[in-house]
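Please read the structure below before turning to the comments.
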Amino acid sequence: MNISKNNFGAPAPATILAGRGVVKESALDRFSAINRLRLANLRTPIERADRLSRLIPGAPQLYIKRDDLTGYFGGGNKLRKLEYTMADAQARGATTVITTGSVTSNLARTAALVARRLGLKCVLVLNGGDPKEARANARIAELLGVEVHAVTTRAERDQKMDELAATLSRRGELVYKIPLGASNAVGSFGMVAAMEEIGLQQLELAEQFDAVVFATSSGGTQAGLEAGKRLFGYDNLRILGISADDPADSIGESVRRALDPMLVRLGLPNRAEHEELLIDDRFVGPGYGVASAESAEASRLFAEVEGVLLDPVYTSKAAAGLIAYCRAGVFKSTDRVLFWHTGGLMTLL
Numbered sequence: 157m158n159i160s161k162n163n164f165g166a167p168a169p170a171t172i173l174a175g176r177g178v179v180k181e182s183a184l185d186r187f188s189a190i191n192r193l194r195l196a197n198l199r200t201p202i203e204r205a206d207r208l209s210r211l212i213p214g215a216p217q218l219y220i221k222r223d224d225l226t227g228y229f230g231g232g233n234k235l236r237k238l239e240y241t242m243a244d245a246q247a248r249g250a251t252t253v254i255t256t257g258s259v260t261s262n263l264a265r266t267a268a269l270v271a272r273r274l275g276l277k278c279v280l281v282l283n284g285g286d287p288k289e290a291r292a293n294a295r296i297a298e299l300l301g302v303e304v305h306a307v308t309t310r311a312e313r314d315q316k317m318d319e320l321a322a323t324l325s326r327r328g329e330l331v332y333k334i335p336l337g338a339s340n341a342v343g344s345f346g347m348v349a350a351m352e353e354i355g356l357q358q359l360e361l362a363e364q365f366d367a368v369v370f371a372t373s374s375g376g377t378q379a380g381l382e383a384g385k386r387l388f389g390y391d392n393l394r395i396l397g398i399s400a401d402d403p404a405d406s407i408g409e410s411v412r413r414a415l416d417p418m419l420v421r422l423g424l425p426n427r428a429e430h431e432e433l434l435i436d437d438r439f440v441g442p443g444y445g446v447a448s449a450e451s452a453e454a455s456r457l458f459a460e461v462e463g464v465l466l467d468p469v470y471t472s473k474a475a476a477g478l479i480a481y482c483r484a485g486v487f488k489s490t491d492r493v494l495f496w497h498t499g500g501l502m503t504l505l
């Protein structure tokens with residue numbers, strides 16, 4: 157039997173990581189061959205949240221995956237995605253990367269930091285007000301000397317990126333465009349690698365998670381987790397995405413746009429069907445980045461009980477969903493549920 161080398165240096169049998177049969181082993185080989193840069197501080201810890209479990213009626217055994225500790229000023233899970241998108245950019249000989257998001261975008265800030273680390277130029281297209289109003293992000297962009305272009309609406313972002321890419325190309329730059337959230341069939345492989353990491357940590361903990369709860373928006377995080385679930389054989393794991401902004405159907409389409417070509421690339425059978433994707437849009441509240449009563453309560457509980465800070469855009473909405481599920485009896489008391497903290501703490505500043 158072939159022994160695969162995992163991402164952390166220790167050999168692991170392919171059957172442990174990849175589930176059953178020749179098809180899965182072949183898929184694992186394909187995954188291992190995808191270009192990747194090592195940027196993040198991995199493996200991020202998994203911490204028990206026993207005090208939170210005791211405080212919330214109906215709570216199962218709760219754990220927190222601390223991707224707020226990946227590095228690059230709270231790059232969170234965006235840094236995982238950039239390990240693949242930036243590797244692809246380098247392989248294509250890029251000299252400039254362009255990406256987009258809101259003025260408080262974690263991906264945009266982290267992409268700018270990584271680009272400078274790799275000797276690349278970086279251009280950001282941001283919407284949602286004056287970029288200088290996002291104090292932390294604006295200051296980092298200023299220190300890095302990256303170009304920032306403001307647009308009024310989400311709908312204008314892609315067009316502006318295309319215009320800037322065309323202009324830069326005429327000047328001789330080799331431009332690589334990173335989509336919103338790096339949530340395409342390249343960046344989303346960062347969360348497949350994260351599922352590999354989870355598999356190894358489960359072995360160390362001697363625990364098997366029954367569900368993962370996380371914030372979903374541009375779709376890449378969920379696409380990567382779903383691909384990882386299939387690649388590593390976690391057939392019974394519930395992957396529960398809590399929307400931070402858009403309706404569930406819209407996010408589901410974004411997830412499938414990334415996930416289906418990932419499954420093809422891995423040689424895994426079947427496309428993701430609509431009913432397979434679990435997305436809950438009941439906790440968006442007043443809107444993107446605007447706190448609700450439920451998300452404010454979640455932030456307070458995580459901070460006061462576990463000493464864990466949540467951001468107002470993503471993780472607080474996901475935590476609101478988690479708490480509501482506990483109170484509604486969605487989980488059994490014996491279930492082991494992992495809350496994936498995806499970072500984003502710079503939006504607190």
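Numbering (this note's numbering), first residue to last: 157 to 505.
Glycine included, every Cβ here is placed at the ideal spot set by N, Cα and C.
All values derive from a computational prediction rather than experimental measurement.
Rounded to the nearest whole angstrom, the CA to CA distance from V368 to C278 is 34 angstroms.
Excluding its 5 nearest sequence neighbours in each direction, A250 has C-beta neighbours in its own chain below 6 angstroms: L330, Y332, listed in chain order. Excluding its 5 nearest sequence neighbours in each direction, L211 has C-beta neighbours in its own chain below 8 angstroms: L457, V461, listed in chain order. DSSP, read as helix, strand or coil, puts Q364 in coil. Within its own chain, the residues whose Cβ lies closer than 6 angstroms to the Cβ of D437, once the five positions on either side in sequence are excluded, are S399, P403, A404, listed in chain order. If you compare the alpha carbons of E289, Q378, L393 with that of V493, the shortest gap goes to L393. If only complete runs of 4 or more residues are kept, the segment 280 to 355 shows the alpha helix (DSSP H) at 291 to 300, 313 to 326, in order along the chain. Exposure of L504 is indicated by the presence of fewer than 16 other C-beta atoms within 10 angstroms of its C-beta.
Sequence-distant Cβ neighbours of Q357 in its own chain, meaning closer than 7 angstroms and more than five residues away, are R199, I202. In terms of Cβ geometry, A383 and A474 do not form a close pair [threshold 8 angstroms]. Judged by DSSP in its simplified three-state form, L359 adopts helix. Taking the Cα of L336 as reference, the smallest distance to any Cα among W496, E450, S209, V259 is reached at V259. Residue nearest to M242 within the set A264, D224, G257, S472 is A264 (criterion: CA-CA distance). Less than 8 angstroms divides the Cβ of S339 from the Cβ of G376. Its chain contains R427, A428 as the residues whose beta carbon lies nearer than 7 angstroms to that of D416, once the 5 sequence neighbours on both sides are disregarded; these appear in chain order. Annotation for Y481: the continuous alpha helix (DSSP H) segment containing it runs 471 to 483. For R273, the secondary structure class from DSSP, reduced to helix, strand or coil, is helix. Beta-bridge partners of E203 (DSSP): I220. If you check the CB distance, E450 and A484 do not come in under 8 angstroms. For T252, no alpha helix (DSSP H) segment is defined; the enclosing uninterrupted segment is the beta strand (DSSP E) at 252 to 258.
Assignment of D436 by DSSP, reduced to helix, strand and coil, places it in the strand class. Contact between Y219 and F495 is confirmed by a C-beta separation of about 7 angstroms, below the 8 angstroms threshold. E312 has its alpha-carbon roughly 11 angstroms from the corresponding atom of H305.
Put simply, the backbone Cα of V302 is about 14 angstroms away from that of A292. A straight-line Cα-Cα distance of about 7 angstroms links L269 and Y228.
If you check the CB distance, L381 and M347 come in under 8 angstroms. Of the candidates V440, L238, G328, the residue whose Cα lies closest to the Cα of F345 is L238.
At least 8 angstroms separates the beta-carbon of R236 from that of L422.
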